[in-house]
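Structure first, then comments.
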Amino acid sequence: MIKKTVRAALLGLAMTTAALAATAQDAYPSKPIRLVVPYAAGGPADLLARGVADKLAPRIGQSVVVENKPGAGGHTGGEQVAKGAADGYTLVLATIAHNGATKLYPNLRYDPNTELQPVILVAESPSVLLVRQDLAAKSVSELLALMKAQPGKLSYGSAGNGSAMHMAAELFRYMSKTEVVHVPYRGGAPAMTDLLGGRIDFMFDSLGTAHQHLPSGKVRALAVTSTKRNPSLPDVPTVAEAGLPGYASVPWYTISAPRGVPAAIVSKLNTEINAVLKDADLVKRWDSLGVVVLGGTPAEAAKRNQDETKKWSAVIEAANIKLD
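Here the working numbering runs 1409 ahead of the position in the sequence shown, where the first position is 1.
So, in structure tokens, the structure goes:
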């Protein structure tokens, strides 16, 4: 009799717990959501995150607060989210640093591939090769000639070790068999500041942020990193056609959550963000900046991450890319 009573009590407790969990998920979100950008404000990741946050907030009836947590090539913010509560209230805008270039960091205190789960692919945006205004190179061929004539003298900036900017430049260095100096920053914005000021020679930046600075004349666009020319810069050739055949590097961005967030919450986030990515105003604005809107299922995001991790791990090993 006692055993039956205990079993009944445990069954009742389990049913109550399940009901409470279901109610909590149905009510999600009941408070503001944090969207961590693991780079400094003003860079490409920050631009995309704020675009999504602004459109997502009114759809879900809660604020979506963008927080910049730069450092360790994007892993300071990534680790903070991965180690946080798996309740759907803390997300991260993940980049190649978290899904492609983890091989650069053998001593990370977390594993982005297992401790973060993709919610949705947000966008991809070809980078553009920019040089300071007074650099004696007006084409990719001229830049390569300069790099070969002065090995180890020219410098390029990036958003940090393992960032899309870093990987694009290292692939460029490896394929051209040249030597340059890497200057890592805590985000794309401070790297751009130094390029504008002439303190570094070149960088690979997103089309979105490049468009903000090209009109000033303080930087010049030599090429885009995609396999085809971008409609937003129709007169700018690809790196491949301008002097380095076979070159291609297209950064992508994923919104991810800590592993263990309930499937119902991941599904709700995916549905709402997919709707945001169909917003006509957002699509038009991003299209003008050369940003390609993606979207899709969590499974599709996970597959893209797995494929890119395999690709870039091979590049890192073949090119012997090291932390700077």
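Backbone N, C-alpha and C define an ideal beta-carbon position, used for all residues, glycine too. Predicted, not measured: the structure shown is a model, and the values here were computed from it.
The beta-carbon separation of residue 1486 and residue 1445, rounded to 5 Å, stays under the 8 Å limit for a contact.
Every beta strand (DSSP E) of 3 residues or more that sits fully in the stretch 1655 to 1688 is shown, in chain order, as 1661 to 1667. Fewer than three Cβ pairs drawn from the stretch 1595 to 1606 and the stretch 1575 to 1583 lie within less than 8 Å of each other, which leaves the two stretches out of contact. Distances from the CA of residue 1534 to each of 1443, 1673, 1664, 1658 were compared; the closest alpha carbon is that of 1658.
Judged by beta-carbon spacing, residue 1722 lies beyond the 8 Å limit of residue 1492, meaning their Cβ atoms are not closer than that value. 8 Å or more divides the Cβ of residue 1628 from the Cβ of residue 1559.
Counting along the chain, residue 1442 sits inside the beta strand (DSSP E) bounded by residues 1442 to 1446. A straight-line Cα-Cα distance of about 27 Å links residue 1601 and residue 1690.
8 Å or more divides the Cβ of residue 1630 from the Cβ of residue 1549. When beta bridges are read from the DSSP output, residue 1526 appears opposite 1666. When DSSP states are grouped into helix, strand and coil, residue 1589 belongs to the coil group. Take residue 1692, set aside five residues on each side of it, and the residues of its chain with a beta-carbon closer than 7 Å to its own are 1702, in chain order.
Take residue 1523, set aside five residues on each side of it, and the residues of its chain with a beta-carbon closer than 7 Å to its own are 1668, in chain order. Annotation: residue 1493 is outside any beta strand (DSSP E) and is labelled neither H nor E by DSSP.
Setting aside the 5 residues that flank it on each side, residue 1678 is surrounded in the same chain by 1497, 1528, each with a C-beta closer than 7 Å to its C-beta; the list follows chain order. Residue 1672 and residue 1556 have their C-alpha atoms spaced approximately 50 Å apart.
A straight-line Cα-Cα distance of about 45 Å links residue 1625 and residue 1670.
With a beta-carbon spacing of about 7 Å, residue 1641 and residue 1620 fall inside the 8 Å limit used to define contacts. The beta carbon of residue 1460 sits closer than 8 Å to the beta carbons of 1691, 1694, 1695 from its chain, once the five residues preceding and following it are set aside; these are given in chain order. When 1481, 1494, 1441, 1613 are compared, the shortest CA-CA separation from residue 1470 is found for 1441.
For residue 1477, the enclosing beta strand (DSSP E) stretches over residues 1473 to 1477. Using a Cβ-Cβ distance cut-off of 8 Å, the stretch 1498 to 1506 and the stretch 1644 to 1664 are in contact, since at least three pairs of beta carbons, one from each stretch, lie closer than that value. Residue pairing from DSSP places residue 1612 in a beta bridge opposite 1539, 1566. In this structure, residue 1616 and residue 1539 do not form a Cβ contact; the two beta carbons are roughly 10 Å apart against a cut-off of 8 Å.
Taking C-beta separations shorter than 6 Å and ignoring five residues to either side along the sequence, the partners of residue 1686 in its chain run 1702, 1704, following chain order.
The continuous stretches of beta strand (DSSP E) do not include residue 1459, which lies in the alpha helix (DSSP H) extending over residues 1453 to 1469. Following the DSSP letters along the chain, one finds residue 1629 inside the beta strand (DSSP E) bounded by residues 1628 to 1633. Put simply, the backbone Cα of residue 1635 is about 19 Å away from that of residue 1571. In the three-state reduction of the DSSP assignment, residue 1502 falls in the strand class. Each of 1607, 1552, 1614 was checked against the Cα of residue 1587, and the nearest Cα belongs to 1552. Counting along the chain, the unbroken alpha helix (DSSP H) around residue 1712 starts and ends at 1707 to 1728.
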